[in-house]
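The sequence shown begins at 18 in the working numbering and counts up by one.
Cβ coordinates follow ideal geometry from the N, Cα and C atoms, glycine included.
A quick note: this is a predicted structure, and the numbers were derived from the prediction, not measured.
Report on one structure; see the data block that follows.
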Amino acid sequence: MARPRSIQAHRKVVEAAAELFSEHGIDATSMDAIAESSGVSKATIYKHWPDKDALCLEVLGFVHGLDEKPPIFDSGDFRTDLIGQLRYQPAADRKAMKDKIWPHLMAYSARNRAFGAAWRAKVLEPARIGLAATIKRGEKLGALRTGIDPEVGIALLLGPMMYRHIFAQRLGQNAPKDLEVHVADAFLAAFAKQSRKDQKPSTRKQVRR
Numbered sequence: 018m019a020r021p022r023s024i025q026a027h028r029k030v031v032e033a034a035a036e037l038f039s040e041h042g043i044d045a046t047s048m049d050a051i052a053e054s055s056g057v058s059k060a061t062i063y064k065h066w067p068d069k070d071a072l073c074l075e076v077l078g079f080v081h082g083l084d085e086k087p088p089i090f091d092s093g094d095f096r097t098d099l100i101g102q103l104r105y106q107p108a109a110d111r112k113a114m115k116d117k118i119w120p121h122l123m124a125y126s127a128r129n130r131a132f133g134a135a136w137r138a139k140v141l142e143p144a145r146i147g148l149a150a151t152i153k154r155g156e157k158l159g160a161l162r163t164g165i166d167p168e169v170g171i172a173l174l175l176g177p178m179m180y181r182h183i184f185a186q187r188l189g190q191n192a193p194k195d196l197e198v199h200v201a202d203a204f205l206a207a208f209a210k211q212s213r214k215d216q217k218p219s220t221r222k223q224v225r226r
């Protein structure tokens, strides 16, 4: 069954804009160019999006796979779930386009702070919220000690992933193999809840008063 024409036009515009943004940058891509490339009139485009920034936000959601329902990592094995969540790459078929658009996105966001805040809320916030929920679930399972500052935990987990994405891959360097496993194990080494039999007795001498 064919999709309604408006839905087809919507998808054509998003895909055309994603390709143009990744090839020429956001500033250099006009709505006229998007209309020409997509075969959708500019008047129709403006019915869907009030301006280029709104369209660009949807494009970013598309290339980052926000149109896909993410899996739920809740098997009961916290280490396995954490590794799976760190490894999860939505919209793998759009990775090349995402990598091409990333430098343009960084430059555009630096010049347009309101847009930068909007895309961080749209694209990055779901990952942050997901990891915060995973940390809380780890505490409930007894895999993690309680009272972990979720922002510290998120920074420790996402930092290496961002290093691999921004520095290692873009500078042509090889990231460590199975980086997600190393990150999960380091996180557990820092925050895992020790059982009483695993706790080392204190070596400090008590001072008698």
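Residue environment analysis places residue 33 among the buried positions, since at least 16 neighbouring C-beta atoms fall within 10 angstroms of its C-beta. Judged by DSSP in its simplified three-state form, residue 209 adopts strand.
For residue 161, the three-state secondary structure derived from DSSP is strand. Comparing C-alpha distances from residue 88 to each of 170, 144, 192 shows the shortest one belongs to 144.
In the three-state DSSP reduction, residue 68 falls in the coil class, being neither helix nor strand. Here residue 141 is exposed, its C-beta having fewer than 16 other C-beta atoms within 10 Å.
When the alpha-carbon of residue 82 is set against those of 52, 124, 205, 31, the nearest one is in 31. Taken through DSSP and simplified to helix, strand or coil, residue 43 comes out as coil.
Secondary structure note for residue 126: its alpha helix (DSSP H) is the uninterrupted segment 112-128. Rounded to whole angstroms, the separation of the alpha carbons of residue 138 and residue 173 is 20 Å. In the three-state DSSP reduction, residue 86 falls in the coil class, being neither helix nor strand. Cβ-Cβ separation between residue 175 and residue 122: approximately 17 Å, too far for a contact (criterion under 8 Å). The shortest CA-to-CA distance from residue 39 to any of 200, 23, 116, 56 is the one to 116. Considering only 98, 43, 56, the residue with the shortest C-alpha distance to residue 158 is 98. For residue 183, there is no enclosing alpha helix (DSSP H), as DSSP gives it neither H nor E.
For the 8 Å CB-CB criterion, residue 37 and residue 54 form a contact.
Beta-carbon to beta-carbon, residue 35 and residue 100 are separated by about 30 Å, too far to satisfy the 8 Å threshold. A Cβ-Cβ distance of about 7 Å is found for the pair residue 160 and residue 210, placing them in contact under the 8 Å criterion.
Taken through DSSP and simplified to helix, strand or coil, residue 202 comes out as helix. Separation of residue 181 and residue 25 (C-alpha to C-alpha, rounded to the nearest whole angstrom) is 36 Å.
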